Structures are given as structure tokens and as C-alpha cells.
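Visitor:
There are 2 protein chains.
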Amino acid sequence: MAPLEDSVDRHLARWRGKAPYDETVEAVVTRLQMLAKHVANSKRRMHAEVGLADFEFQTLHRLAVRDGHRATPSELAADLLLSPAGMTGRLDALEQAGLVRRIRGTADRRRVDVELTEHGHAKWLAAMRFQDVAERQIVGALDERERDRVNALLKKMLLRAEELAAADSGPAGTARPADTSPGSTGPTA
Amino acid sequence: MAPLEDSVDRHLARWRGKAPYDETVEAVVTRLQMLAKHVANSKRRMHAEVGLADFEFQTLHRLAVRDGHRATPSELAADLLLSPAGMTGRLDALEQAGLVRRIRGTADRRRVDVELTEHGHAKWLAAMRFQDVAERQIVGALDERERDRVNALLKKMLLRAEELAAADSGPAGTARPADTSPGSTGPTA
DNA sequence: GCAGGTTATTTCGCCAGCGAATCATTCGTC
DNA sequence: GACGAATGATTCGCTGGCGAAATAACCTGC
């Protein structure tokens, strides 16, 4: 049977021998990134069908899932791995579109609660059906068993990643390449 | 067993029951996206150590791997899942920084060959060591066996995704949400 | 040898997101 | 009860990337 190469196989074939690094690791990471991009593109097209930008849907989704359909900007930003500034931007857009409502906190007036509007919830539901299609198209390449396996493996990595992310908010740089001076040949400009 | 939940577990726990869609599929996709983001962040910090933006490194990387360290913008754009416009932008930046050189094709003068400069190649090599660290940090959560397994599974999905991407350049929309009933939880294959 | 279509790259206008600084409010401590 | 540090959100300037249109060169067929 034909080898059935994906673009990463081709990439690695070219790469082989040109630099002394672990091919398998590169393969995992590259596939991760490519897949994420494909998924994003796929979803984008689907969400467009109900007139939602990708970032809008994502935000609605995280909101819809929470009790009372509300959360604070910080919580959402954390969920979505987004900067505070980015979050404000998204909320501005969503509020403008009437999909979301901002409610200044009463007890602590620094806080803001973001709440899904009826319209927002409806749009989210509508978009869900399309999102489902997009996701199934790609994940559909795996059977139930394989999905479970890939989930377990991805989770393992994600746990590590989240651990690292949490840690690096603390102490300063721990990880550096082994050694050898990378030719700090100064400003090579 | 030990809970050891990642953020996606928590997300799904909230989600459960709020909408009638396949949890496993959502899990796979969400983890993919989160991981990709973590990886990107991680790499960004590493590449910054040698003064490269993420997009610069990626481009150099794809170039360095090719014979003669050259390729056309279109090829690179395809490799990187980038729009033509985006590619031009990247190349402008890289050329300006002296990491890359544009060479107008002689036979076909529409074409442009992009070539790594010495400086570009050096920077790439330097950055590789850091990239390696970033990748290992996360993929390091898996042992050799698991890496192979995850690679195989990701490849399966990526093949599907690339197939779909190639297809959709052709005929107009084929995929739409089946109906209002998303319940086909049966074995798909 | 030129009209019309195709292919490769670039230009243009736009926008989501980031980092850093800012504003508003609360908390801690004396 | 007032001062400074901490916290949550927002504003500001900038930039990478996209989509669509423009540009430039090639390739027919006649």
C-alpha cells in the first residue's frame, strides 16, 4: 500500500540530516500546529454561516457553558489563553453586536460580569451545529477507540504545558539550551 | 483515581448536559487548540532569545530545509498554511532584516526565489537549539512509545484535514449540519 | 503579434491580539 | 481614616495576517 504521507512526513524527509534534532518531537509539534490551523480554518468557515467570527463563537461558547451564562473577563481570558487587552476587545465587539451584556459588579466595583443575552445564546446554539460538523469532519478520521487514546495523550501534554505556564509566572527563566555559545557575534546587522 | 484534571476536563464538566454534542470530539479539538497555543507561546519566548519573531523562525525553518535553501513564496505559503498576502509580508520583514534574499526568476519572471542568507542560516541554527528546548518541554510529557502513537493518530487526522482542504478548493460547500438532530453517536467509520 | 485567460506576486484596507501604561477600586496596615 | 500596594478592567500604539483587487508576466489560439 502507498506510504500515505502527510505534509509533515514530506517536511521531515527534507529536514533529515540537515540538523541534529529529534525528528519525532518535531513531528508531533508540527502536526499539532498544522492541525490546529486546519481546525481553525474549518471552524471559521462554519461559523461564518451563522454570521459569527471565530473569536466571537469561542467567547460565547465559554460563556454559555458557565452557570448563569456569566463570567468575568479575567475568567474568560484565562479560559481562552488570551491577554486582558484582547479580552476587552472581544467583549467590546460582542457587546456591540448585542450578543453579550456587561454588568458592573455591585459588591466589588472593579469587577465586571459578562452575561450572554438571549440573542447571544440563540446564535451560539445555531453555531454549535456547524461547529459540530467542522469538528467531526476532522476528528472523524479516528474511531472511538482512537479518539480516547489521542485524548489521553494530548491531555498528558496539556497538563505539562499548563503546569509550565503556571510555573513561569513565578521564577525567571529556568530552561535554556544546553550550552555552547551560539555565536553571540554581536549585532550581526 | 487521582483527578489530575486539565483545563479541558474542567471545561467539559461545565459543558456536560448543556448541549447535545459529542464530548469526546470536543475534547480532542479543544486540547489540540490549547496545546497549539501553549506550544506557540513557548516557542515565541525561546525564539526571542536569539531575536527572532515566531513567524520569522518558521519561515527560515521551512527554507533551511529545502535544497539550496531556497523556495518560492507560493511554496512557502503552502507549507505554512499562509495566505499569499501574509507571505509577502513575512518576506518583506525577513528581507529587511537581511535574513533572506529575493531573486527574480530568469526563465519565468513572474516567479521569485527566496534564498536564505548566511546570516539567516546562522540565526536559524541558533534558534533551533532554543526551539528544541521548547518542544521537548511539552512533548517530554510522553515517552518514546507514546510519541509514536500520538504521531500516528495526529497524522491520521492531518491527512483527513489536508484532503478536505484540497477538496474544498474545488466544488462548493458540501458539508452542512445534517439536521436538527445531532445524535448520531453511532460508530461512524 | 495581439486579445484573453491563467499564474505568481504584490498592494491595499482592515482587524484581532499583544504588551505596556492607565484608571478605578479595594485591601492592608498603621 | 489615610497612604501605598494589589487587583480588575480598559486604553493606546503597533503588528502580523487576511481577503480582494491590482500588477506583472506568461501562454495560448488564431
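Sequences listed follow chains A and B, in order.
Going by numbering that gives the first Met the number 0, the residue at position 99 of the first sequence is 98; the numbering climbs one at a time, nothing skipped.
Going by numbering that gives the first Met the number 0, the residue at position 188 of the second sequence is 187; the numbering climbs one at a time, nothing skipped.
Glycine residues also receive a C-beta, built at the ideal position from the N, C-alpha and C atoms.
Only a predicted model underlies this, so the values are computations on that prediction, with no experimental measurement involved.
Can you have a look at residue 57 of chain A and say buried or exposed, based on whether 16 or more other CB atoms are within 10 angstroms of its CB?
Guide: On the first sequence, residue 57 of chain A is found 58 positions in, with the first residue counted as 1. Buried is the call here.
Visitor: Short of 8 angstroms Cβ to Cβ, which residues in the region 105-119 of chain A face chain B?
Guide: Going along the region 105-119 of chain A in chain order, one finds no residue with a Cβ nearer than 8 angstroms to chain B.
Visitor: Compute the Euclidean distance between the alpha carbons of residue 28 of chain B and residue 147 of chain A, then round it to the nearest angstrom.
Guide: Within the second sequence, the letter at position 29 stands for residue 28 of chain B. Within the first sequence, the letter at position 148 stands for residue 147 of chain A. Taking the straight line from one Cα to the other gives about 12 angstroms.
Visitor: Would you mind stating whether residue 152 of chain A and residue 38 of chain B have Cβ atoms separated by less than 8 angstroms?
Guide: On the first sequence, residue 152 of chain A is found 153 positions in, with the first residue counted as 1. On the second sequence, residue 38 of chain B is found 39 positions in, with the first residue counted as 1. No; because the gap between Cβ atoms is not below 8 angstroms, this pair is not in contact.
Visitor: Between B:77, B:106 and B:117, which lies nearest to residue 96 of chain B when the distance is taken from Cα to Cα?
Guide: Numbered from 1 along the second sequence, position 97 holds the residue referred to as residue 96 of chain B. Checking every option, the nearest Cα to that of residue 96 of chain B belongs to B:117.
Visitor: Mapping DSSP to helix, strand and coil, what is residue 48 of chain B?
Guide: For the purposes of this step, residue 48 of chain B is taken as residue 49 along the second sequence, with counting starting at 1. Looking at residue 48 of chain B - three-state DSSP - the assignment turns out to be coil, as it is neither helix nor strand.
Visitor: Are the C-beta of residue 52 of chain B and some C-beta of chain A separated by less than 8 angstroms?
Guide: Indexing the second sequence from 1 puts residue 52 of chain B at position 53. So no, residue 52 of chain B is outside the interface.
Visitor: Excluding sequence positions up to five away, which residues of its chain have a Cβ less than 8 angstroms from the Cβ of residue 79 of chain A?
Guide: Counting from one through the first sequence, the residue named residue 79 of chain A turns up at place 80. 57, 58, 61 and 86.
Visitor: Would you tell me roughly how many angstroms separate the C-alpha atoms of residue 90 of chain A and residue 99 of chain A, rounded to the nearest one?
Guide: As a first step, residue 90 of chain A must be located in the first sequence, where it is residue number 91. As a first step, residue 99 of chain A must be located in the first sequence, where it is residue number 100. Residue 90 of chain A and residue 99 of chain A: Cα-Cα distance of roughly 8 angstroms.
Visitor: Among A:157, A:132, A:94 and A:165, whose alpha-carbon lies nearest the alpha-carbon of residue 21 of chain B?
Guide: As a position in the second sequence, residue 21 of chain B is number 22, starting the count at 1. The residue with the shortest Cα to Cα distance from residue 21 of chain B is A:132.
Visitor: Bridge partners of residue 115 of chain B, per DSSP?
Guide: As a first step, residue 115 of chain B must be located in the second sequence, where it is residue number 116. B:99.
Visitor: Using 8 angstroms as the limit for Cβ to Cβ distance, is residue 6 of chain A near chain B?
Guide: Within the first sequence, numbered from 1, the residue matching residue 6 of chain A stands at position 7. Yes, contact with chain B.
Visitor: Can residue 69 of chain A and residue 113 of chain A be called in contact, C-beta distance under 8 angstroms?
Guide: Here the question's residue 69 of chain A lines up with position 70 in the first sequence. Here the question's residue 113 of chain A lines up with position 114 in the first sequence. Cβ atoms of residue 69 of chain A and residue 113 of chain A: closer than 8 angstroms.
Visitor: Less than 7 angstroms between C-beta atoms, sequence neighbours within five positions excluded: which residues of the same chain meet that for residue 26 of chain A?
Guide: To locate residue 26 of chain A, count along the first sequence from 1; it is residue 27. Cβ within range, chain order: 7 and 11.
Visitor: If residue 92 of chain B sits next to residue 48 of chain B, beta carbons under 8 angstroms apart, how far is it from one beta carbon to the other, in whole angstroms?
Guide: In the second sequence, counting from the first residue as 1, residue 92 of chain B sits at position 93. In the second sequence, counting from the first residue as 1, residue 48 of chain B sits at position 49. That belief does not hold up - the Cβ atoms of residue 92 of chain B and residue 48 of chain B are roughly 19 angstroms apart, past 8 angstroms.
Visitor: Compare the C-beta of residue 91 of chain B with all C-beta atoms of chain A and state if any pair is closer than 8 angstroms.
Guide: Position 92 of the second sequence, counted from the start, is the residue given in the question as residue 91 of chain B. Output row for residue 91 of chain B: interface = no.
Visitor: Any beta carbon from chain B within less than 8 angstroms of residue 13 of chain A's own beta carbon?
Guide: Your numbering for residue 13 of chain A matches position 14 in the first sequence. Residue 13 of chain A counts as touching chain B.
Visitor: Quick one: is residue 95 of chain A near chain B, going by C-beta distance under 8 angstroms?
Guide: In the first sequence, residue 95 of chain A corresponds to position 96, counting from 1. Closer than 8 angstroms: no.
Visitor: Between the C-alpha atoms of residue 142 of chain B and residue 144 of chain A, what's the straight-line distance to the nearest angstrom?
Guide: Here residue 142 of chain B refers to the residue found at position 143 of the second sequence. Here residue 144 of chain A refers to the residue found at position 145 of the first sequence. C-alpha separation (whole angstroms): 20 angstroms.
Visitor: Between residue 86 of chain A and chain B, is any beta-carbon pair separated by less than 8 angstroms?
Guide: In the first sequence, the residue the question calls residue 86 of chain A occupies position 87. No, because no Cβ of chain B sits closer than 8 angstroms to the Cβ of residue 86 of chain A.
Visitor: Got a sec, what are the start and stop residues for the alpha helix (DSSP H) residue 64 of chain A sits in?
Guide: Counted from its first residue, the first sequence places residue 64 of chain A at position 65. First-last for residue 64 of chain A: undefined, no H or E at that position.
Visitor: Give the interface partners of residue 34 of chain A over in chain B, defined as CB-CB distance under 8 angstroms, in chain order.
Guide: For the purposes of this step, residue 34 of chain A is identified with residue 35 of the first sequence, where counting begins at 1. Ordered by position in chain B, the residues that pass the 8 angstroms Cβ test against residue 34 of chain A are 31, 35, 153, 156, 157 and 160.
Visitor: If distances are taken between C-alpha atoms only, which option among A:64, A:155 and A:30 comes closest to residue 161 of chain B?
Guide: Translated into positions along the second sequence, residue 161 of chain B becomes position 162. Checking every option, the nearest Cα to that of residue 161 of chain B belongs to A:30.
Visitor: At the level of alpha carbons, what is the spacing between residue 71 of chain B and residue 104 of chain B?
Guide: On the second sequence, position 72 is the one that residue 71 of chain B refers to. On the second sequence, position 105 is the one that residue 104 of chain B refers to. If I take the Cα positions, the gap works out to 10 angstroms.
Visitor: Is the Cβ-Cβ distance between residue 63 of chain B and residue 120 of chain B less than 8 angstroms?
Guide: Taking the second sequence and counting its residues from 1, the one referred to as residue 63 of chain B is at position 64. Taking the second sequence and counting its residues from 1, the one referred to as residue 120 of chain B is at position 121. Going by C-beta atoms, residue 63 of chain B is nearer than 8 angstroms to residue 120 of chain B.
Visitor: Residue 72 of chain A lies in the alpha helix (DSSP H); which residues open and close that run?
Guide: Position 73 of the first sequence, counted from the start, is the residue given in the question as residue 72 of chain A. Start and end: 72-78.
Visitor: Go through its chain and collect everything with a Cβ distance to residue 128 of chain B's Cβ below 8 angstroms, but skip five positions before and after it.
Guide: As a working note, residue 128 of chain B is residue 129 in the second sequence. Around residue 128 of chain B: no qualifying Cβ.
Visitor: Compute the beta-carbon to beta-carbon distance between residue 33 of chain B and residue 3 of chain A, rounded to the nearest angstrom, for a pair I have assumed lies under 8 angstroms.
Guide: Taking the first residue of the second sequence as 1, we reach residue 33 of chain B at position 34. Taking the first residue of the first sequence as 1, we reach residue 3 of chain A at position 4. Rounded, the Cβ-Cβ distance is 28 angstroms, inconsistent with contact.
Visitor: Can you name the start and end residues of the alpha helix (DSSP H) that residue 206 of chain A belongs to?
Guide: In the structure displayed, chain A extends from 0 to 188; residue 206 of chain A sits before or after that span and is not available.
Visitor: Taking residue 13 of chain B as part of the alpha helix (DSSP H), name the residues at either end of that continuous run.
Guide: Along the second sequence, read from residue 1 onward, the residue named residue 13 of chain B stands at position 14. 6-14 is the extent of the alpha helix (DSSP H) around residue 13 of chain B.
Visitor: Show which residues of chain A have a CB atom less than 9 angstroms away from the CB atom of residue 3 of chain B.
Guide: Here the question's residue 3 of chain B lines up with position 4 in the second sequence. By Cβ distance, chain A contributes 154 and 158.
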